[in-house]
Every structure is written in structure tokens, then in C-alpha cells.
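J.:
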Amino acid sequence: MKFIEIKNFTEDLISWQRAQGRHHLPWQVNRTAYRVWLSEIMLQQTQVSTVVDRYQSFLKRFPNIQVLAGSSVDDVLAEWSGMGYYTRARNLHKCAQVVVNEYDGNFPNDPLLLERLPGIGKSTAAAIAVFSYGVRAAILDGNVKRVLARIWGVGDDLSKSAAVKSLWAHAEQLLPNKSADLVSYTQGLMDFGATHCTQYQPVCMRLDKKECLFKNRCQANLSNKVNQIPLKVKKINVQQIEMDWWIYIYRGKVFLEKRPENGIWASLWSFPEQNIFNKNDAEKLNSVKHVLTHRHLKIHPYKILLSSQPKKIKVDQAWVPLGDALKLGLPKPVSAFLKSQDLAHDDA
DNA sequence: AAGACGGGGCC
DNA sequence: GGCCCAGTCTT
Numbered sequence: 001m002k003f004i005e006i007k008n009f010t011e012d013l014i015s016w017q018r019a020q021g022r023h024h025l026p027w028q029v030n031r032t033a034y035r036v037w038l039s040e041i042m043l044q045q046t047q048v049s050t051v052v053d054r055y056q057s058f059l060k061r062f063p064n065i066q067v068l069a070g071s072s073v074d075d076v077l078a079e080w081s082g083m084g085y086y087t088r089a090r091n092l093h094k095c096a097q098v099v100v101n102e103y104d105g106n107f108p109n110d111p112l113l114l115e116r117l118p119g120i121g122k123s124t125a126a127a128i129a130v131f132s133y134g135v136r137a138a139i140l141d142g143n144v145k146r147v148l149a150r151i152w153g154v155g156d157d158l159s160k161s162a163a164v165k166s167l168w169a170h171a172e173q174l175l176p177n178k179s180a181d182l183v184s185y186t187q188g189l190m191d192f193g194a195t196h197c198t199q200y201q202p203v204c205m206r207l208d209k210k211e212c213l214f215k216n217r218c219q220a221n222l223s224n225k226v227n228q229i230p231l232k233v234k235k236i237n238v239q240q241i242e243m244d245w246w247i248y249i250y251r252g253k254v255f256l257e258k259r260p261e262n263g264i265w266a267s268l269w270s271f272p273e274q275n276i277f278n279k280n281d282a283e284k285l286n287s288v289k290h291v292l293t294h295r296h297l298k299i300h301p302y303k304i305l306l307s308s309q310p311k312k313i314k315v316d317q318a319w320v321p322l323g324d325a326l327k328l329g330l331p332k333p334v335s336a337f338l339k340s341q342d343l344a345h346d347d348a
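The first sequence finishes on residue 348 if you use full-length UniProt numbering, and the numbering steps up by one all the way, no holes.
1. Go through its chain and collect everything with a Cβ distance to glycine 134's Cβ below 7 Å, but skip five positions before and after it.
2. Hey, how far is the Cα of lysine 2 from the Cα of alanine 19?
3. Using beta-carbon positions only, say whether valine 154 and alanine 171 come within less than 8 Å of one another.
4. Could you check what DSSP says for isoleucine 247 in three-state terms: helix, strand or coil?
5. What's the C-alpha gap between glycine 121 and glutamate 115?
6. Give the straight-line distance between the Cα atoms of alanine 348 and leucine 338, rounded to the nearest whole angstrom.
7. Flag this pair as touching only if the stretch 259-271 and the stretch 73-82 have three or more C-beta atom pairs under 8 Å; answer yes or no.
8. Does the Cβ of methionine 205 have 16 or more other Cβ atoms within 10 Å, making it buried, or fewer, making it exposed?
9. Going along the chain, which unbroken runs of the alpha helix (DSSP H) with 4 or more residues stay wholly within the stretch 183-251?
10. Quick one, are the C-beta atoms of aspartate 316 and glutamate 257 less than 8 Å apart?
11. Determine, using beta-carbon pairs with one atom in the stretch 286-300 and one in the stretch 319-328, whether at least three such pairs fall under 8 Å.
12. Less than 8 Å between the beta carbons of residue 357 and leucine 174, yes or no?
13. Suppose contacts are defined by Cβ-Cβ distances below 8 Å. Is serine 161 in contact with isoleucine 139 by that definition?
14. According to DSSP, is lysine 314 helix, strand or coil?
15. Considering tyrosine 34, what are the terminal residues of the alpha helix (DSSP H) in which it resides?
16. Could you check where the beta strand (DSSP E) with isoleucine 299 kicks off and where it finishes?
17. Kindly indicate which three-state DSSP category residue 357 falls into: helix, strand or coil?
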């Protein structure tokens, strides 16, 4: 892919960011490496509006990397509960321990070293290096791919790794030379993609007075292809999945077990998917639908009020007081289900 | 190179 | 219903 020269792209983006970019997001003030790192992990595949509150809550619970490293992974998953992509939480915990044990609690500033840490890939490593240490490195997230692809008119299929690879090379070329500009530039790419060059209704397609500063240079705009860029051909294969939940209640406690370490909702607490106590007096409750990006779940809950508590249970199984269950690391549909039911009343 | 991995928001 | 979001890791 050949990239033409877009005049003054980098310097104009920097000026734009300083005048019209975002400057008051929680992780933009007091940019310590710990705060920057946490925000970058939370923001992976997750929108800013979702992260803001969860970020503040997480920082309150784990104010620094030593506290995080010294906590149990279960406590971290509990705080992460409902945010999805739970590998992020497990890697976050692992990464904190590595940084404390091998780096004396201080993140390295070299993007290549950062990239070796659990949960930190190329783009996140660059973001941490830029925002925490002012190191020169290029990011390439969803926003940046869209901005670069449109302005340079890249109509290639971005679900192909070759196309993304060429965008990476281009992103490196565009970096400003002055280190004092790195933060504004990097933040500018994100801000411009998130607020102007958006997926739906980018400013160039709106009827209001706002104008895109690149409208006369953007190849997608000049050729009327803004709606077709970026292009992704690959379709998500959505599986329809049916799942049973066996909800055992005994004296104000609910039986939960920890899910396997691999697969969906790994290491989170949930209801058994089989009738492990072999009871035949279950009440079938209304089924629950839960939509994930690549799976549509239809869940069939069966409720059983036990008259005695089974003696033998395994590790990673537990009778949890109903009032405490919501404090565990739970998948979204499990916490939603628990909140919607009055199980304590049934058991009275 | 392709799939797995959550949940929310927008069309 | 499909697609995307401050992506990374595994196969």
C-alpha cells in the first residue's frame, strides 16, 4: 500500500487536540504509569463511557500496584465483574505481580519490554510508553485505524493482517519528531477518531456547522467513500447456545461453582450446568436470553430448594449466603439473575 | 492467519 | 440483527 503525503497532518492534529481534544478524562490527570496502564487495559475493546465509572471504582479498591499485586485474583475478578473479557483482569493481576517482583513496582519505559508483560500488546505498550514516559511509539487501535484508513483512502479489507500491518508502518511514519508533541499527537488520534471521525455520523457527513479539519485532504471524503472505509469483510459467526442453570438453595445460601480456567467466563463463579445433586423436584423458571458478540445464549434456570445441605462439595464449589453472592466475580447474566429473583423469600 | 473472548451502544 | 469499541492471546 502506497501512502501519499497529507500536508501538515501531524501538526494539524496536534493543534486540534490542544484546542478541541479531551483533557479531563480521569486517567488524563495525574498520569502515573499505574493509572495509565489500568486505563489502557480497561479501554481495550471497551468504550470510554463504560470505563469512566469502573476505573474510579477500581482505583479506590486497588489504589496502587502493590495493593493490586498483593490481592487475590478472585478479588480482582470481583471488581472486574460485568465488564467482560475477563482475561484482562487475570492478566492485570499477573502483570502487577511481575512489575512488583521484577521491576520494583515501576513499569519499564521501553515499549518492547512493556509488550512482554501479560495483557500488554503492541498498541497498549505504546500508549503506556507515550502517556507515562513521553517515549516515541505508535499506537494503532480502532480509532486510529479508522482515521488513517479514511484520510489516506485505504479501502483494503482490515480483517486481513497484511492491511493492518501496512497501517502500523504508516502510523510509525507519522509520529511527530518533537517529544513534547507526542502526548498531544497520540491523544489527538484517539480523540479525533472518537469524537469527529466516528464510525456512525462522522462530522463530514453531518449537516450542522461543524467542519472536519481534514475535509479537503481526506481521500475518503474527496472520493465520497467515507461510508465504505474502513472495510471489514469478515463476518462474525454467531452461535446459538442453550445452557442449563441448576440453582440450589439451602437456608439462605446459594450453591455456586467456579468455572473452568478456559473458555467463556473463565474462573468466574456461576451456577452448575448439570443437576449435580440429582434432584428431581426442580421448578423450571423462565428462560433467560443473553447476547454476546459471537454467541447468543438461551439459559434455562431450574430452581431447587434443598431440605438438607449436601455434605461433600469440591474445591471451587461453595454455599454462598445470598447477600454475599453479588460480591463475587460473576458473569453479567448471573448477577442480573440474582438481582431479579427473591430467592431468600422462597427459602423462608 | 484465523478464532476466542463480554458487554454495551448504535444503527 | 449486525457492527464496533483506547486489543490480546491462543491455536
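Ideal Cβ placement from N, Cα and C applies to all residues, glycine included.
Note that the structure is predicted; figures quoted are calculated from it, not measured.
T.: A quick look at the data gives this:
1. Your numbering for residue 134 matches position 134 in the first sequence. Cβ neighbours of glycine 134 beyond the five flanking positions: Ser179, Leu182 and Val183.
2. Looking up residue 2 in the first sequence gives position 2. Looking up residue 19 in the first sequence gives position 19. Going from the Cα of lysine 2 to the Cα of alanine 19 covers about 31 Å.
3. Numbered from its first residue, the first sequence carries residue 154 at position 154. Numbered from its first residue, the first sequence carries residue 171 at position 171. No, Cβ-Cβ distance for valine 154 and alanine 171 is not below 8 Å.
4. For the purposes of this step, residue 247 is identified with residue 247 of the first sequence, where counting begins at 1. If DSSP states are grouped into helix, strand and coil, isoleucine 247 belongs with the strands.
5. In the first sequence, the residue the question calls residue 121 occupies position 121. In the first sequence, the residue the question calls residue 115 occupies position 115. Cα to Cα, the separation comes out at about 5 Å.
6. Residue mapping note: residue 348 aligns to position 348 of the first sequence, counting from 1. Residue mapping note: residue 338 aligns to position 338 of the first sequence, counting from 1. Reliability of the predicted coordinates at alanine 348 is poor, the pLDDT of 46 falling under 50, and the value obtained from them is presented with this limitation in mind. Cα-Cα distance, rounded: 17 Å.
7. yes
8. Translated into positions along the first sequence, residue 205 becomes position 205. Exposed, since its Cβ has fewer than 16 Cβ neighbours within 10 Å.
9. 219-222
10. If you number the first sequence from 1, residue 316 lands on position 316. If you number the first sequence from 1, residue 257 lands on position 257. In this structure, glutamate 257 lies closer than 8 Å to aspartate 316 by Cβ.
11. no
12. Residue 357 is absent from the model: the chain starts at 1 and stops at 348.
13. Stepping through the first sequence from its first residue, residue 161 is reached at position 161. Stepping through the first sequence from its first residue, residue 139 is reached at position 139. Not a contact, by the Cβ cut-off of 8 Å.
14. For the purposes of this step, residue 314 is taken as residue 314 along the first sequence, with counting starting at 1. Coil.
15. Residue numbering aside, residue 34 sits at position 34 when the first sequence is read from its first letter. Residues 33-42.
16. By one-based count along the first sequence, residue 299 stands at place 299. Isoleucine 299 -> beta strand (DSSP E) spans 295-305.
17. In this structure the chain extends from 1 to 348, so residue 357 is not present and cannot be described.
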